[in-house]
């Protein structure tokens, strides 16, 4: 008995696509670094960079602190902007990318954790 074929356009994932993280995963990791930095001013994470040697370029692991996404204003309140590189990625209200957290640094941690949970939920 012949089985009828069913054709479709589904393609297997390429190895490069399988290794790529989604922008949400990248942002959640970045927020995790910000939370750790807010709790510990000496926090660093392992980063990879390439240095030129006689044999070509070599991968070197370095430890560096993340660039802060928050700051304390003149009014002693803490503010934050969620950014990746030079782009603002979280803008909950059009034209207002800055989020006012509160007067204490623990408020910054609470806001970051709330944004991370929003990203996890979709």
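In the working numbering, the protein residues as written are -19 to 102. Cβ coordinates follow ideal geometry from the N, Cα and C atoms, glycine included. Since we're looking at a predicted model, the values are computed, not measured.
Between the options, which lies nearest to residue i when the distance is taken from Cα to Cα?
i          : options         : result
residue 57 : 83, 66, 73      : 83
residue 39 : 33, 29, 46, 6   : 29
residue 55 : 81, 2, 18       : 81
residue 97 : 11, -12, 3, -18 : 11
Could you check where the alpha helix (DSSP H) with residue i kicks off and where it finishes?
i          : result
residue 19 : 3 to 19
residue 92 : 85 to 101
I believe residue i touches residue j by the beta-carbon criterion, under 8 Å. Please report the beta-carbon distance rounded to the nearest angstrom.
i          : j          : result
residue 31 : residue 25 : The pair is not a contact, with the Cβ atoms about 19 Å apart (cut-off 8 Å).
residue 14 : residue 49 : 5 Å
Could you tell me whether the Cβ atoms of residue i and residue j are closer together than 8 Å?
i          : j          : result
residue 7  : residue 72 : no
residue 79 : residue 64 : no
Which first and last residues belong to the beta strand (DSSP E) in which residue i is found?
i          : result
residue 28 : 25 to 33
residue 52 : 50 to 52
Since residue i sits in a beta bridge, which residues does DSSP pair it with?
i           : result
residue -15 : Paired residues: none, contrary to the question.
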